[in-house]
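Student: Residue numbers 454 to 1243, in the numbering used here, belong to the letters of the sequence shown in order. Even for Gly, the Cβ is constructed at its ideal location relative to N, Cα and C. None of the values given here were measured: they were computed from a predicted structure.
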Amino acid sequence: MAAGLLALFLAAAMAGSAAAQFSVPEILSTHQVVLPNAADPTAGAGGSGFKATIEVSNLMGVGYVGVDATLTSTLGPMTANRELTIRLTPIDRHLPADRAIATEFPLTFPQGQTQAVLSRSCPKWTIGNSYRIEIVEDGSPLKPYTAEVGNPFPGYAIQSPATVLPNELICNFLLVDTDPKPIAKPADAISFDRPGRSVISRRSPSLQTVTLQRLPSDWRLLRDLDCIVIQGDRLIQGDRLDTPTPAQTGGTATAERQAIEAIRDWVLMGGTLVVLQAPDASQLARSLRLKLLQRKQEDEVFAAQITSVASTMRETLESYREALRRVAESSPVVESAEDSPSPPTPTVLSLPVGGSDPMAGMRTPLRGRFTEKQLAATGQWIEASEASTRAFESDWKQGYRRSVGGGQVVGIPAESIDLLLAVDLLETLIGYRCSPMLARGVDPMMGDFRSRRWLIPGVAEPPVYTFMGILTLFVLLVGPVAYRWTTRGHRSHLMFLIAPALALVTTAAMFAYSIVSDGFGTTVRVRQLTWIDGASGDAIERTRSTLFSGISPRTGLRFAGDAEVMAYPNGGQQRWRDLRSEVGEVRLHADIDSDDQRLDAAFLPSRTQTQFVTHQIRRGVGTLSINGLQPFDSSGQVPNARSIELSSSLPFELRDLVVCSPDGRYWSAENIKAGETASADWIPKTQDASKLLGRLYTRHRPVGAVTESGRSQGNRRIRDLVLFINKEISRNGLVVTDGVFEHWLNESLFIRGELPPGMFIGIGSASPDAVAIADADQVASVRYVMGTLQ
């Protein structure tokens, strides 16, 4: 017994020690392999006639994995086309193991060429860092072209989501071609404990630096980043976004241009971009080809947040100054370290939060612990920090904050960023969007009960009333009909045969009806949110699709090649600690090429409602504009317009349209057809516009029987990761479960009942290409189209 307890104690101690060493790889971290492996004796001198350099990125977290491959011939130009496939297979430990996806990337090495290049991204719905890379030809792996990358995370790490999902709980900052300039603290200055931070999370943020050329060209690989800091001239020099793309002029986009395009798309999807030495907001908007939305209320909140951060820092520095003064007054100062009886021990002055005595943190007497040099260096550091705080407040109050799509752009005139202060401010601005899972509004690993809010009505449900009718008919046939018929003919013994026969027929009828009633085809319900940028006509979309198939389609599912695809499992039953992590046979397979992401039939089980959430960028969708809007005359001397003319260049019809013109007036139109103009009537009362917006939302509100779970403190009982993350980073009780765009829709239409000036919203039909199965029947679908006016 004692030996067993000792073993358990030692195992726990070793796990605790190892836990301190485990860390999740940095965002954008890469692994590179060169095949055939020269160290492999089976590879041969030249392999199969080519050398492959393959780089994979973002292997650990949930999201998308980047794959970049360069194949170079070792035998001169290819004499014939070679149809190859790069296969990426999860191995070792992934959480949860049943969501692991094996992905194949078809690649053609053209005849007459000496090099072939591939750049793709593939979905990943697990936590894991270990993969096998293979190159396949004619259905069989080429033996010399196999390698394993990454390392399996230790089993103890899955005890808490915070260990393996830190990117969901902290803010991740990326500095592009710029360096922070913090106030350097002298080595001999006294150290202070910093008071509690007034930010989203008590955890320290993550900081990375990178050059623009090293950024990926796919916004999906930037999802785990919460804030990107970049110099203004890097956005407007060279390949400008407001000029025609190189593809339009027959050229090839540079790496910098592709990276800036990726940053732009990432901002539209919910990212926060900080531009240093920023031009004025209108010039920056033209450079980015974005309509930056300004709201007076948000400007006031932004200014108040800057003041709050600066004031908190000044109060902290004043506490430091007071502590320093009391140290100097209450203890004799040692002239130098050499003259002291014993070397002074480095001391940390703890400053408790809430106005407590700053000296309360000292556990031993202060007498003789600090030299004159230490006190002087500390005083100089406090003065430098105060000057830095004044500069921070001045620079940021000269800046601006603008909303765009699901994200925001902040421009400041400073050349560098003071992370000590800016982090607190930016974490407050970023809010719940510091979690990619909350920004997407979907957890592809465990799922939750909220998936029931958007089910296909009447499908995969027991036909209660039909069954009641069949059973009633059975009772009538067995009772009054059969029994009376047999007794009148003195053949009541036949009931022993008739009753089981009718029961068998009834059971078969009920079973057949339950199968036939749902059909054997595919039915889909789509909830599509389209946000249109009025400056460029580009759109960002969030599509939530619920699919039901009587027979799982052999061709599988097809999604756009540039879409972010996430499964939305019906969860809430399984606990975090019960998830299986050891990868055995991988049952989910995907093929990714330049145009499509094809998921095999295993992603859509027969006779099961299965949900997916996708996010996608659509280029050049179109715009909506107001023609000839006259300023409102409050004096009444000039008659104000009772209607306006709207022009649409959109390729689809809009219904139930509500427009808030730049001067804050509301207008409504029943419909406006694709590419046409229509008249919109003025809504004089704001209350009427608010009611109209509220009905627009409630008419298509996702509602269903939902049981919330996972609110327990203990990790053993976590059944809902989205609620767990909300609880960890929530401020003021804010809970966001459905993503950036659904949250905006609910807040604007249902809760506040207002649109920002210069915006519109309407209803349209779900686009055909939003459906993963081409011949699926759409039912109870809706498409919200919103955005900024041109």
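#1: Quick check: A555 and L1041, are their CB atoms within less than 9 Å of each other?
#2: Check the C-beta distance from L1052 over to I1079 and give it rounded, since I have them as a contact under 8 Å.
#3: How should G1211 be labelled, buried or exposed, when 16 other C-beta atoms within 10 angstroms of its C-beta is the threshold for buried?
#4: Mapping DSSP to helix, strand and coil, what is E557?
#5: Mind the definition here: the segment 833 to 848 touches the segment 752 to 766 only if three or more C-beta pairs lie below 8 Å; say whether that holds.
#6: Leaving out five residues before and five after K850 in sequence, what residues of the same chain have Cβ atoms less than 7 Å from its Cβ?
#7: Across which residues does DSSP place F1194 in a beta bridge pair?
#8: Assuming contact is defined by CB atoms lying nearer than 9 Å, are H1196 and G858 in contact in what I supplied?
#9: On the CB-based measure, 16 or more other CB atoms within 10 Å of its CB, does Q485 come out buried or exposed?
#10: Reducing DSSP to helix, strand and coil, say where M948 ends up.
#11: Expressed to the nearest angstrom, what Euclidean distance is found between the alpha-carbon atoms of I1136 and Y1150?
#12: Could you tell me which residues DSSP puts in a beta bridge with M1239?
#13: Quick one: what's got a C-beta closer than 6 Å to L595's C-beta in the same chain, skipping five residues either side?
#14: Residues in its own chain within less than 6 Å of G852 by CB, not counting five upstream and five downstream?
#15: For L461, is the classification buried or exposed, using 16 other Cβ atoms within 10 angstroms of its Cβ as the cut-off for buried?
#16: Over what stretch of residues does the alpha helix (DSSP H) that includes K1262 continue unbroken?
#17: Could you tell me if P1221 is buried or exposed, where buried requires 16 or more neighbouring beta carbons within 10 angstroms of its beta carbon?
#18: With a threshold of 16 other CB atoms inside 10 Å of the CB of A1227, please say whether the residue is buried or exposed.
#19: So which of W719, Q833, Q564 and G1081 has the shortest CA-CA distance to K638?
#20: Please check the pair L872 and P633, which I expect to be a contact at CB under 8 Å, by giving their CB distance rounded to whole angstroms.
#21: Taking DSSP as the reference, what is the three-state secondary structure of G649?
#22: So V1175 and M890 are supposed to be a Cβ contact under 8 Å. How far apart are they, rounded?
#23: Whose CA, out of P614, T538, R585 and K504, lies closest to the CA of P549?
#24: In whole angstroms, what is the alpha-carbon distance linking V762 and T567?
#25: Report back the beta-carbon spacing between V1112 and A1133 to the nearest angstrom; my notes put them in contact at under 8 Å.
#26: What residues match up with G864 in a beta bridge as DSSP calls it?
#27: Take the Cβ of F1056 as the centre, count every other Cβ of all protein chains shown within 10 Å, and call the residue buried at 16 or more, exposed below.
#28: Would you list the residues sitting across from T996 in a DSSP beta bridge?
#29: With respect to the beta strand (DSSP E) encompassing E1264, which residues constitute its N-terminal and C-terminal limits?
#30: Which residues in the same chain have their Cβ closer than 7 Å to the Cβ of F973, if we skip the five residues on either side of it in sequence?
#31: Return the Cβ separation of L524 and F503 in integer angstroms, given the expectation that the two are a contact with Cβ distance under 8 Å.
#32: Let's test the definition: count the other Cβ atoms within 10 Å of the Cβ of A965 and tell me whether it reaches 16, buried, or not, exposed.
#33: Using a 10 Å radius around the Cβ and a threshold of 16 neighbouring Cβ atoms, would you call L675 buried or exposed?
#34: For the beta strand (DSSP E) containing M1019, list its first residue and its last residue.
#35: Looking at A1223: is its Cβ nearer than 9 Å to the Cβ of T1008?
#36: Can you check the segment 1089 to 1158 for any beta strand (DSSP E) of at least 3 residues that lies completely inside it and give the ranges in chain order?
Tutor: By the coordinates alone:
#1: yes
#2: Contact doesn't hold; Cβ gap of about 42 Å is too wide.
#3: buried
#4: strand
#5: yes
#6: A756 and I759
#7: Its beta-bridge partners do not exist; DSSP assigns none.
#8: no
#9: exposed
#10: helix
#11: 18 Å
#12: W984 and I1214
#13: S501 and I588
#14: G864 and I865
#15: Legend: pLDDT at L461 = 33, less than 50; position of this residue unreliable, value from coordinates given subsequently. Classification for L461: exposed.
#16: With the chain running from 454 to 1243 in the structure shown, residue 1262 is simply not present.
#17: exposed
#18: exposed
#19: Q833
#20: 5 Å
#21: Model confidence at G649 stands at a pLDDT of 43, short of 50, so the residue's coordinates are unreliable; what they give is reported in the following sentence. If DSSP states are grouped into helix, strand and coil, G649 belongs with coil.
#22: 6 Å
#23: P614
#24: 58 Å
#25: 6 Å
#26: V728 and Y853
#27: buried
#28: Q981 and T1067
#29: This structure cannot speak to residue 1264, because the chain is shown only from 454 to 1243.
#30: G1003 and I1004
#31: 5 Å
#32: exposed
#33: buried
#34: E1017 to Y1021
#35: no
#36: 1096 to 1101, 1107 to 1113, 1119 to 1125 and 1130 to 1136
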